[in-house]
Amino acid sequence: MLITKLKAKEDIEALVTGKVFIVNCHGCKEVSFPEAEAKALQKELCDSGKVTGILTTDYICNPENMKLRLEKHRKEIDAADMVLVFSCGVGVQSVAEYFEDKKVCAGCDTIALPGFQGVTPLEYKCDQCGECYLNITGGICPLTACSKSLVNGQCGGAKDGKCEVDPNMECGWERIYQRLKMLGRLDLLKVPVQLRNYATDKEV
Amino acid sequence: MKISEKFSRGEFVVTTEVGPPKGFHVEPLIEEAKEYLSNITAVNVTDNQSSVMRLSSLATCKALKDAGLNPIYQLTCRDRNRMALESDLLSAAMFGIENILCLTGDHTKLGDHPQAKPVFDLDSVSLLYTVGQLEKGVDLGGNELVGEPPKFCKGAVVSPCSDSIDAQLAKMERKVMAGAEYFQTQAVFDSERFISFMEKAKQFGVPVQLGVIIPKSVGMCRYLNANVAGVHVPDNLIDELKADKEKTKAGITGVEITARLIKECLPYCQGVHIMAQGWESKVPDILKLAGI
Numbered sequence: 000m001l002i003t004k005l006k007a008k009e010d011i012e013a014l015v016t017g018k019v020f021i022v023n024c025h026g027c028k029e030v031s032f033p034e035a036e037a038k039a040l041q042k043e044l045c046d047s048g049k050v051t052g053i054l055t056t057d058y059i060c061n062p063e064n065m066k067l068r069l070e071k072h073r074k075e076i077d078a079a080d081m082v083l084v085f086s087c088g089v090g091v092q093s094v095a096e097y098f099e100d101k102k103v104c105a106g107c108d109t110i111a112l113p114g115f116q117g118v119t120p121l122e123y124k125c126d127q128c129g130e131c132y133l134n135i136t137g138g139i140c141p142l143t144a145c146s147k148s149l150v151n152g153q154c155g156g157a158k159d160g161k162c163e164v165d166p167n168m169e170c171g172w173e174r175i176y177q178r179l180k181m182l183g184r185l186d187l188l189k190v191p192v193q194l195r196n197y198a199t200d201k202e203v
Numbered sequence: 000m001k002i003s004e005k006f007s008r009g010e011f012v013v014t015t016e017v018g019p020p021k022g023f024h025v026e027p028l029i030e031e032a033k034e035y036l037s038n039i040t041a042v043n044v045t046d047n048q049s050s051v052m053r054l055s056s057l058a059t060c061k062a063l064k065d066a067g068l069n070p071i072y073q074l075t076c077r078d079r080n081r082m083a084l085e086s087d088l089l090s091a092a093m094f095g096i097e098n099i100l101c102l103t104g105d106h107t108k109l110g111d112h113p114q115a116k117p118v119f120d121l122d123s124v125s126l127l128y129t130v131g132q133l134e135k136g137v138d139l140g141g142n143e144l145v146g147e148p149p150k151f152c153k154g155a156v157v158s159p160c161s162d163s164i165d166a167q168l169a170k171m172e173r174k175v176m177a178g179a180e181y182f183q184t185q186a187v188f189d190s191e192r193f194i195s196f197m198e199k200a201k202q203f204g205v206p207v208q209l210g211v212i213i214p215k216s217v218g219m220c221r222y223l224n225a226n227v228a229g230v231h232v233p234d235n236l237i238d239e240l241k242a243d244k245e246k247t248k249a250g251i252t253g254v255e256i257t258a259r260l261i262k263e264c265l266p267y268c269q270g271v272h273i274m275a276q277g278w279e280s281k282v283p284d285i286l287k288l289a290g291i
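Chains as they are written, first to last, in numbering that gives the first Met the number 0: chain P, 0 to 203; chain D, 0 to 291.
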């Protein structure tokens with residue numbers, strides 16, 4: 000099973016720029032979602048007048064299902080500067096892929112526990128690393144999109160935009176670069192040096 | 000000697016590289032280096048290059064240093080986690096090795112142990128940062144080192160002819176921010192592309208050494224074009240190698256092409272890094288022909 004854990008309150012507040020549309024995914028029975036904490040945090044955001052709408056739904060990892068649900072809130076989403084997603088990493092990546100020119104951020108970190116891992120399509124992988132990077136990589140996971148799981152940018156191995164390990168696989172960091180460019184967020188490539196923390200699962 | 004001393008004096012810095020053998024008999028490598036490379040500022044020692052298991056870079060660096068040469072210790076992040084890398088950096092300091100080059104490294108799947116676990120606990124950027132931390136007297140766990148901290152001249156690499164050039168420049172900037180003091184480039188065969196790259200790279204204010212591989216044969220160039228990311232040998236150079244087979248076989252064409260590339264790029268860079276790949280004996284000829 001999975002645990003989704005809220006990111007620190009100050010981290011989420013720092014992510015929210017302008018108006019925000021919120022998506023909560025309570026999809027898989029296999030995912031433990033911090034409902035009460037998320038609700039309290041979102042109420043504070045609502046009280047500050049920053050929220051254009053909230054959609055609480057399930058299985059946003061299923062692109063067809065996600066589109067149908069989100070399109071019912073099109074006006075509220077258009078009125079927002081960003082979409083904040085409270086789900087596992089797969090859900091965030093699905094929404095980011097759909098709104099490719101809108102800022103999409105993760106409100107949770109995803110951590111693996113033994114057992115079933117929920118219902119996910121293979122295109123969007125989440126490594127359940129417990130320190131979600133999607134907010135600094137334009138919604139594309141560097142751990143699963145890069146064959147070396149690099150977190151500080153592209154290696155020298157990309158040829159014609161493809162990975163050195165698998166010529167059928169797009170270079171994850173080329174994708175991230177292009178996405179950040181489209182979002183006007185190339186400044187995120189200058190964040191401090193990132194170091195993986197393999198001790199995160201012990202905090203659960 | 001730290002090669003940064005030469006850069007800061009505005010000198011054109013020449014380096015070359017050797018690959019350790021698949022075995023522990025290092026004497027032929029040392030003898031060849033003494034004969035042909037003793038006038039070179041520093042000699043890189045590759046670290047399980049192309050993910051092929053060999054004698055370690057660190058041990059070979061020590062042997063070169065004992066023979067009076069100035070080694071550049073290459074470290075990749077493929078085979079060791081942060082603890083092993085930090086430990087080896089301390090060992091390098093103990094041996095008096097002063098220059099290092101930090102790389103991410105090729106994936107294990109490309110080499111002769113495709114079944115091995117690819118580590119990549121750190122990458123080129125976080126490795127540079129790690130060295131900076133050790134130089135401040137603390138390790139990545141936040142623990143203090145005992146005694147005087149090590150001090151290295153820290154280098155990194157960049158790929159000027161990559162087709163993802165914007166992503167490469169972004170990574171180069173991250174390496175500068177993490178403490179890179181000089182860059183060696185992936186092999187360049189097209190001086191115009193290198194010069195246009197340098198127009199963008201000079202903003203970082205860090206010395207860049209042009210990387211060159213001596214083209215040995217038409218087959219080698221075709222192999223590079225098909226298999227090595229960021230390397231492209233233009234058709235006109237391949238035609239030049241085809242033109243006189245005897246001359247190419249004797250290595251004269253390769254020496255001429257390499258010297259010409261260096262001459263064309265010389266005003267735009269701060270040094271040259273010659274990857275001779277077994278043709279170390281040609282390095283003096285190349286430098287003479289390039290007028291260095």
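From the three backbone atoms N, C-alpha and C, an ideal C-beta is built for every residue, glycine too.
Check whether chain D comes within 8 Å of residue i, counting only Cβ atoms and requiring the distance to be less than that.
{"i": "residue 196 of chain P", "result": "no"}
{"i": "residue 203 of chain P", "result": "In this prediction, residue 203 of chain P scores a pLDDT of 43, lower than 50, which makes its location untrustworthy; the coordinate-derived value is nonetheless stated afterwards. So no, residue 203 of chain P is outside the interface."}
{"i": "residue 127 of chain P", "result": "no"}
{"i": "residue 147 of chain P", "result": "yes"}
{"i": "residue 1 of chain P", "result": "no"}
{"i": "residue 82 of chain P", "result": "no"}
Among the options, which has the Cα closest to the Cα of residue i?
{"i": "residue 259 of chain D", "options": "D:90, D:92 and D:286", "result": "D:286"}
{"i": "residue 185 of chain P", "options": "P:174, P:53 and P:55", "result": "P:174"}
{"i": "residue 89 of chain D", "options": "D:154, D:208, D:130 and D:33", "result": "D:130"}
{"i": "residue 102 of chain D", "options": "D:127, D:38, D:81 and D:217", "result": "D:127"}
{"i": "residue 23 of chain D", "options": "D:36, D:153 and D:54", "result": "D:54"}
{"i": "residue 52 of chain D", "options": "D:108, D:204 and D:123", "result": "D:108"}
{"i": "residue 149 of chain D", "options": "D:189, D:165 and D:98", "result": "D:98"}
{"i": "residue 60 of chain D", "options": "D:133, D:75 and D:41", "result": "D:41"}
{"i": "residue 274 of chain D", "options": "D:39, D:21 and D:5", "result": "D:39"}
{"i": "residue 208 of chain P", "options": "P:170, P:134 and P:54", "result": "In this structure chain P extends from 0 to 203, so residue 208 of chain P is not present and cannot be described."}
{"i": "residue 39 of chain P", "options": "P:85, P:68, P:30 and P:57", "result": "P:85"}
{"i": "residue 151 of chain P", "options": "D:147, D:123, D:154 and D:105", "result": "D:123"}
I need the boundaries of the alpha helix (DSSP H) containing residue i, first residue and last residue.
{"i": "residue 220 of chain D", "result": "217-226"}
{"i": "residue 92 of chain D", "result": "81-93"}
{"i": "residue 70 of chain D", "result": "No alpha helix (DSSP H) contains residue 70 of chain D, which is instead part of the beta strand (DSSP E) from 70-75."}
{"i": "residue 153 of chain D", "result": "Unbroken run through residue 153 of chain D is the beta strand (DSSP E), 152-157; no alpha helix (DSSP H)."}
{"i": "residue 11 of chain D", "result": "Note, residue 11 of chain D: premise wrong, no alpha helix (DSSP H); not H, not E."}
{"i": "residue 197 of chain D", "result": "190-200"}
{"i": "residue 167 of chain D", "result": "164-176"}
{"i": "residue 187 of chain P", "result": "That residue, residue 187 of chain P, is in no alpha helix (DSSP H); it is neither H nor E in DSSP."}
{"i": "residue 192 of chain P", "result": "Where residue 192 of chain P is concerned, there is no enclosing alpha helix (DSSP H), given that its DSSP letter is neither H nor E."}
{"i": "residue 254 of chain D", "result": "251-264"}
First and last residue of the beta strand (DSSP E) that includes residue i?
{"i": "residue 102 of chain P", "result": "102-105"}
{"i": "residue 181 of chain D", "result": "181-186"}
{"i": "residue 247 of chain D", "result": "That residue, residue 247 of chain D, is in no beta strand (DSSP E); its alpha helix (DSSP H) goes 244-248."}
{"i": "residue 160 of chain P", "result": "That residue, residue 160 of chain P, is in no beta strand (DSSP E); it is neither H nor E in DSSP."}
{"i": "residue 307 of chain D", "result": "There is simply no residue 307 of chain D to check, as chain D begins at 0 and stops at 291 in what is shown."}
{"i": "residue 136 of chain P", "result": "Unbroken run through residue 136 of chain P: none, as it is neither H nor E."}
Determine whether the Cβ of residue i lies closer than 8 Å to any Cβ atom of chain P.
{"i": "residue 167 of chain D", "result": "yes"}
{"i": "residue 338 of chain D", "result": "With chain D running from 0 to 291 in the structure shown, residue 338 of chain D is simply not present."}
{"i": "residue 201 of chain D", "result": "no"}
{"i": "residue 128 of chain D", "result": "yes"}
{"i": "residue 33 of chain D", "result": "no"}
{"i": "residue 179 of chain D", "result": "no"}
{"i": "residue 185 of chain D", "result": "yes"}
{"i": "residue 75 of chain D", "result": "no"}
{"i": "residue 15 of chain D", "result": "no"}
{"i": "residue 5 of chain D", "result": "no"}
{"i": "residue 50 of chain D", "result": "no"}
{"i": "residue 86 of chain D", "result": "no"}
{"i": "residue 103 of chain D", "result": "yes"}
{"i": "residue 125 of chain D", "result": "yes"}
{"i": "residue 170 of chain D", "result": "yes"}
Which residues in chain C sit within 8 Å of residue i, going by Cβ to Cβ distance?
{"i": "residue 173 of chain D", "result": "As a matter of chain content, chain C is missing from the structure shown, whose protein chains are P and D."}
So residue i packs on residue j, CB below 8 Å; how close in whole Å?
{"i": "residue 251 of chain D", "j": "residue 289 of chain D", "result": "At roughly 14 Å, the Cβ-Cβ gap does not stay under 8 Å, so residue 251 of chain D and residue 289 of chain D are not in contact."}
{"i": "residue 32 of chain D", "j": "residue 66 of chain D", "result": "7 Å"}
{"i": "residue 83 of chain P", "j": "residue 106 of chain P", "result": "5 Å"}
{"i": "residue 264 of chain D", "j": "residue 194 of chain D", "result": "7 Å"}
Nearer than 7 Å: is that true of the beta carbon of residue i relative to any heavy atom of the ligand SAH?
{"i": "residue 246 of chain D", "result": "As for the ligand SAH, it is missing from this structure, which has no ligand bound."}
**OP:** Please name the residues in the segment 152-177 of chain P whose beta-carbon is closer than 7 Å to at least one beta-carbon of chain D, in chain order.
**Re:** 152, 153, 154, 155, 156, 157, 158, 159, 160, 163, 164, 170, 172, 173 and 176
**OP:** For the segment 62-73 of chain D, enumerate the residues whose C-beta is nearer than 9 Å to any C-beta of chain P, in chain order.
**Re:** none
**OP:** Could you please tell me which residues of the segment 105-121 of chain D, in chain order, have their CB closer than 8 Å to any CB of chain P?
**Re:** 105, 106, 108, 109, 117, 119, 120 and 121
**OP:** For the segment 147-164 of chain D, enumerate the residues whose C-beta is nearer than 9 Å to any C-beta of chain P, in chain order.
**Re:** 156, 157, 158, 161, 162 and 163
Original post:
Mind listing which residues of the segment 181-193 of chain P have their C-beta closer than 8 Å to chain D's C-betas, in chain order?
Top reply: 185, 188, 189, 192 and 193
Subject >> Interface positions of the segment 224-245 of chain D facing chain P (Cβ-Cβ less than 7 Å), listed along the chain >> reply: 228 and 229
**OP:** May I ask you to list, following chain order, the residues of the segment 192-218 of chain D that have a beta carbon less than 8 Å from some beta carbon of chain P?
**Re:** none
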